[in-house]
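4 protein chains.
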Amino acid sequence: MSGAAIPVTIQGAAGYGGQELLRLLQAHPRFRVVAASSRRHAGKPVEQILPQLTGFYPDLNFTTPEQALEVECAAVFLATPHGVSRTLWHTVVSRLPEARVVDLSGDFRLRDRAAFDRWYGGEHPHFEAVSEFRYGLTETNREAVRSARYVANPGCFATGALLALAPLAERGLLKHGATVVATTGSSGSGAEAKATTHHPERAQDHRAYKVLRHQHQPEIDQELQRLGAQARVALVPQSGAFSRGIFTVAHVELEEQTDVAALLRTRYADEPFVRVREQSPALRYVVRTNFCDVSAVQEGRDVIVLTALDNLVKGMSGQAIQNLNLMFGLEETAGLHHPGASV
Amino acid sequence: MSGAAIPVTIQGAAGYGGQELLRLLQAHPRFRVVAASSRRHAGKPVEQILPQLTGFYPDLNFTTPEQALEVECAAVFLATPHGVSRTLWHTVVSRLPEARVVDLSGDFRLRDRAAFDRWYGGEHPHFEAVSEFRYGLTETNREAVRSARYVANPGCFATGALLALAPLAERGLLKHGATVVATTGSSGSGAEAKATTHHPERAQDHRAYKVLRHQHQPEIDQELQRLGAQARVALVPQSGAFSRGIFTVAHVELEEQTDVAALLRTRYADEPFVRVREQSPALRYVVRTNFCDVSAVQEGRDVIVLTALDNLVKGMSGQAIQNLNLMFGLEETAGLHHPGASV
Amino acid sequence: MSGAAIPVTIQGAAGYGGQELLRLLQAHPRFRVVAASSRRHAGKPVEQILPQLTGFYPDLNFTTPEQALEVECAAVFLATPHGVSRTLWHTVVSRLPEARVVDLSGDFRLRDRAAFDRWYGGEHPHFEAVSEFRYGLTETNREAVRSARYVANPGCFATGALLALAPLAERGLLKHGATVVATTGSSGSGAEAKATTHHPERAQDHRAYKVLRHQHQPEIDQELQRLGAQARVALVPQSGAFSRGIFTVAHVELEEQTDVAALLRTRYADEPFVRVREQSPALRYVVRTNFCDVSAVQEGRDVIVLTALDNLVKGMSGQAIQNLNLMFGLEETAGLHHPGASV
Amino acid sequence: MSGAAIPVTIQGAAGYGGQELLRLLQAHPRFRVVAASSRRHAGKPVEQILPQLTGFYPDLNFTTPEQALEVECAAVFLATPHGVSRTLWHTVVSRLPEARVVDLSGDFRLRDRAAFDRWYGGEHPHFEAVSEFRYGLTETNREAVRSARYVANPGCFATGALLALAPLAERGLLKHGATVVATTGSSGSGAEAKATTHHPERAQDHRAYKVLRHQHQPEIDQELQRLGAQARVALVPQSGAFSRGIFTVAHVELEEQTDVAALLRTRYADEPFVRVREQSPALRYVVRTNFCDVSAVQEGRDVIVLTALDNLVKGMSGQAIQNLNLMFGLEETAGLHHPGASV
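If you're matching them up, the sequences are chains A, B, C and D in order. Quick note: the first sequence uses numbering that gives the first Met the number 0, first residue 0, plus one each step. Quick note: the second sequence uses numbering that gives the first Met the number 0, first residue 0, plus one each step. Quick note: the third sequence uses numbering that gives the first Met the number 0, first residue 0, plus one each step. Quick note: the fourth sequence uses numbering that gives the first Met the number 0, first residue 0, plus one each step.
1) When you compare the region 16-25 of chain B with the region 332-342 of chain A, are there three or more beta-carbon pairs, one atom per stretch, that lie closer than 8 Å?
2) Which runs of the beta strand (DSSP E) at least 3 residues long sit entirely within the region 33-115 of chain B? Give them in chain order.
3) Step through the CB atoms of chain B and report whether any lies within less than 8 Å of the CB of residue 145(A).
4) Quick one: which residues of the region 203-231 of chain D get their C-beta closer than 8 Å to a C-beta of chain C? List them in chain order.
5) With 8 Å as the threshold, decide whether the Cβ of residue 313(B) is near any Cβ in chain D.
6) Could you tell me the alpha carbon to alpha carbon distance between residue 116(A) and residue 156(A), rounded to whole angstroms?
7) Nearest-angstrom Cα distance between residue 231(C) and residue 5(B)?
8) In chain order, what residues of the region 235-268 of chain D put their CB closer than 8 Å to some CB of chain C?
9) Enumerate, from N- to C-terminal direction, the unbroken alpha helix (DSSP H) stretches of 4 or more residues contained entirely within the region 144-222 of chain B.
10) Let me know the secondary structure DSSP gives residue 224(C) once reduced to three states.
11) Take the Cβ of residue 258(D) as the centre, count every other Cβ of all protein chains shown within 10 Å, and call the residue buried at 16 or more, exposed below.
12) Look up residue 247(A) in the DSSP assignment and say whether it is helix, strand or coil.
13) Alpha helix (DSSP H) containing residue 397(B): first to last residue?
14) Can we count residue 192(D) as close to the ligand GDP, meaning its CB is less than 7 Å from some heavy atom?
15) What are the start and end residues of the alpha helix (DSSP H) that includes residue 266(C)?
16) Note the first and the last residue of the continuous beta strand (DSSP E) segment covering residue 297(A).
17) Hey, quick one: how far does the beta strand (DSSP E) through residue 325(D) stretch, first residue to last?
18) Helix, strand or coil: how does DSSP classify residue 282(D) here?
19) Drop a sphere of 10 angstroms on the beta-carbon of residue 199(A), count the other beta-carbons inside from all chains shown, and report buried for 16 or more, exposed for fewer.
20) Under 8 Å between the Cβ atoms of residue 310(A) and residue 186(A)?
21) Kindly give me the distance between the Cβ atoms of residue 101(D) and residue 135(D), rounded to whole angstroms, as I take these residues to be in contact under 8 Å.
22) Which residue from 301(D), 38(D), 195(D) puts its Cα closest to that of residue 80(D)?
23) Pick helix, strand or coil for residue 126(B), following the three-state DSSP scheme.
24) Can you name the residues of chain D whose CB is closer than 7 Å to the CB of residue 52(A)?
25) Going by DSSP, which residues form a beta bridge with residue 273(B)?
26) Can you tell which of 247(D), 165(D), 297(D), 218(D) has the C-alpha that lies nearest to the C-alpha of residue 152(D)?
27) Can residue 262(B) and residue 206(B) be called in contact, C-beta distance under 8 Å?
28) Could you tell me how far apart the beta carbons of residue 239(A) and residue 240(B) are, in whole angstroms, since I believe they sit closer than 8 Å?
29) Does the region 116-126 of chain C come within contact of the region 163-180 of chain C, defined as at least 3 CB pairs closer than 8 Å?
30) Reducing DSSP to helix, strand and coil, say where residue 342(D) ends up.
31) From the beta carbon of residue 178(C), is the nearest beta carbon of chain D less than 8 Å away?
32) Of all the residues that make up the region 189-200 of chain B, which are near chain A by a beta-carbon distance shorter than 8 Å?
33) Looking at residue 40(B) and residue 55(B), is the spacing between their C-beta atoms short of 8 Å?
34) Looking only at C-alpha atoms, which of 85(A), 3(A), 29(A) sits nearest to residue 331(A)?
35) How about the region 121-128 of chain D and the region 281-299 of chain D: do they share at least three Cβ pairs that are nearer than 8 Å?
36) DSSP three-state label for residue 252(A), please.
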């Protein structure tokens, strides 16, 4: 995969999504980071703010978002929170009309305005642009992504739930809804310290939050319905005692006998980043990688599908690079095919 | 609650259940531990094997199970694993026919022989004795416990699931089953080191295990059906990255409109160890206590009931003491009413 | 220890020091909390802000510090940060001239003004009052505490270092200084979320901080010199990956042969809260208790003394209660003699 | 660095050292794993036993150690425990006389027989071969490693201590010994579950072990003395609550004024894997990488040097590859120059 470097910009590069983009892109065969913005750290060397990168970006300083727009590039990652991306996107495409954009926020995922207003809310100055975005779950939407100019990268919970349920939806097996209980690591809360990620209180805790009211729920429903589902999911997000990863349990009752493990194996046989397991997946095999491991257990009509992925890689920045690889006609796995460390 | 000391024996006192009994009983107003058995540590001082208890049991040595039977006592805790309790019980009641017995294992919980054979298996030399045991979930079975000679103490997952679902079952609201996803801490695996509790591999992991095949599932079904449920649960146990606690998510679809949060408040208003919360419970408020915190969220027909408890206290040894308090006509909360530390 | 309730007030009751005071005092045989201040949570029920205490303080609301001063009491805990205590103390003794005061901050520990200015700094409107305070390391200063009106409760690092080194200092064995490397849990940073306690970044980290520049160093030196030491310690504080506890390693080179393990056993034989171990102490045996475990290893002239304690109990609130017990002529262990849970 | 693949064998490939070799070597530009032994898992696919590697070694099965010897290769990693390596080495060089060998155990590190007997003990059938081994701390012994046939890879504690103290030893500044307090993660205990790595008991614990009696102490002394030190270290190893990494605190008293931070910067200016920091290093910036971060703090005559590294990478398998790169005339950083993830 030799070829000229493709210059890319990261907006919001000091957050966890941005940090993971910087980590992964430093070894990418083609993409090269030419600008990295952080309003808070503008003017400071990336290696000073992010010591884990010392030696890898010796010449890169954080800029303001505006300064980053002045740097020519072929693609922009919006690793900015929802609320920010919706405004920034328009500025980006005005200034860099040729650039491909991958937005990691939820601002351009929901196609229904009422749903957007209910689950995200606030002003959305460019909601009509949603129709120009493709939903970037590579495994269910590969061809659309390949030709997309703008990609709305899936939410982390949505990635885990959809990789569990998409094969069922595609086969018409999702008629009565599904229960989805998903547990996320503390890095899902972002790089800023918060009460919910205060170490003494999180280190040995476990709780649920935004039960039936998490903004990834309509995104899951929207994509499942596009794939053939006739029902909605009930999503229960949980805060786990670990730092990285999302583990998802999906419970479905089948009307007809179907070998779901076999269905998963067939469905994902050619997917480079989905590994079907015979045992339960486990976070420790996937964290810091772009893999999603999946398995199924059945008993009578009850089917449990389990998925495990890294919320910041397959659930965020790795998936964003996977999408951009496709958008530039590169090998889908470029810069992403690394094993995890298991401990 | 002054009165003469009531001598009690702990069989299996070096396991985590036994350790918690020793910890809790050292401050109990009436029960006094007169014998503590551990085949492995027989002959050694309790304080040497369990340094956290240094200063609290200066004169107590571990004995063999057989030696412990020679010590007169009014009650015996069988903190022995299933398979052991079923044999030991008979020896205990032969030797100490007046003693009350609380068995912490699963050997005397299931009333159906076929179910027992399927979920536990192995020889059961005294299965007929199951009818002499009362199921020790105090909150659903208080009067039976009060007059019981033998109590089968509930499993940890069963405690969390039943405290979530019993109020619905009692009101006839469990017609179509329930999804139960419950996450346990590593102490649930016991005091012996195992591959699944090897720190480097457990510290940041999360996975499911025994999906739809955990031996607490039939125990949950049996008790829910006794209370009025017409359906079974689908139980997905998970291994969490924390040490103590079980957090349970129960999903039920209601046929009729019911305010489940109000139902919980009414049902548990007088329960000394169940606290109904408005927010999600959290392990950090209940670990190392005998409390089970509970809350409910509803959206349309979907109801999510959440419970949090300590697997070794309310899910095991604390509940066992709660039962024995009742069996001896003591205050139910004796020796158990302590707040947690939150961090 | 029956007798009339002794009313006590906690200033700064929502921090971790205050929370532990509330937790421990709810079961104290004599002290009863009559006021608990928190500027941030004033007006709200204690049980709402601190859910772990639900059921234990049904009638107690947080007040402002000023409102708390209006409540008659016999003693005040200043669980306020340094900088606040120095001002608040004067208001307390003006309003409640009979009250005993235990200050958990560093404001009244250092007797040397220059040292105070260097290590703490800022205005100190009542530095002359330092002479009215007794240093509250019960084990080295019991009689002074007993008759004290005001006690400066030791810092958490100081407690661990002093319990390791005081026996050597008293015997004149500290001639050439000591290296002290001490590792604290994240709760030492307090109840407010901070960058250094952001869970994803702390959960698997370890680092040093304030190396040779921690404000507990002069406090250690001051007390050791009072006890006979002729040299200073070099203190290296570390941030550990755990929540609670301080583990201290003290390295001393002896001039003469001395059996330090024997010295520790003799020195601490009658101390109710110091347990001399043959093996290394471990945090898991002392956390959430008022015990400090200690042991020594020698090889030639090198002596290593190890201590383990809970930073919020023996290193803070438990020790404060221990001191107040003495100040009121109660049994020193009242309300504090509980074993830990080990897991 | 293109060129023909260089076949390498890993003996003891299922332990943590072996797992890290497999992880790192799958992306190495020249080395290719042709055999991987594990007596326990012989005959099973590597990807089945080590699920984190699924997709990376589709054709590799574990073999017995003997079978692995039948596979032609240019180099052998002995990732076997001490006691095993000393025997296996001789078999390897008999069967594969041309092969380079890197031994990750302690069997060939100590040059003094009496020291070996004291610290390791047991039979050593080939102690005379120690003279054929070069000590593989690349940073202090690069040229010797380059021309070595056999390399004794340093111990993990030794790596951290030596990278802290070597610059001082080389400058004659180590005249009176040093205190070394080093904290290791649980993965340092290896892949087999043990009581000391039982998750419920390790997750929030901290303790010391083998105080002044750890077998890495003589290895540190031996290398420091070769570099010019006139004194010994006092080593206090600690078990931390984290999984990966070693954090080392070294305390030295200087006789003359020396700017140690400047010394470190100069000494390590050209080292590809040592990064001198202004602040304390932190494990989270180095884990899962081959970097060792270092910094120094001084106050009067006291100098504290701090190092942080990953015990399984720079402290073990990464360093072994670094050595083998040199032994084959490859770029020293080949396959090793990756940044960490910080969370």
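Every residue gets a Cβ at the ideal spot worked out from N, C-alpha and C, and that includes glycine. Note that the structure is a prediction, hence the values are computed from the model and not measured.
Taking the structure as given:
1) no
2) 74-77, 99-102
3) no
4) 203, 204, 205, 206, 207, 208, 210, 211, 212
5) no
6) 20 Å
7) 54 Å
8) 235, 237, 239, 240, 241, 242, 243, 244, 246, 248, 250
9) 155-169, 198-201
10) helix
11) exposed
12) strand
13) Given that chain B is displayed from residue 0 to residue 342, the structure contains no residue 397(B) and the question cannot be resolved.
14) Although the ligand GDP was asked about, the structure shown includes no ligands whatsoever.
15) 259-266
16) 291-298
17) Here residue 325(D) belongs to no beta strand (DSSP E); instead the alpha helix (DSSP H) covers 317-326.
18) helix
19) buried
20) yes
21) 7 Å
22) 38(D)
23) helix
24) 338
25) 291(B)
26) 218(D)
27) no
28) 6 Å
29) no
30) coil
31) yes
32) 199, 200
33) no
34) 29(A)
35) no
36) strand
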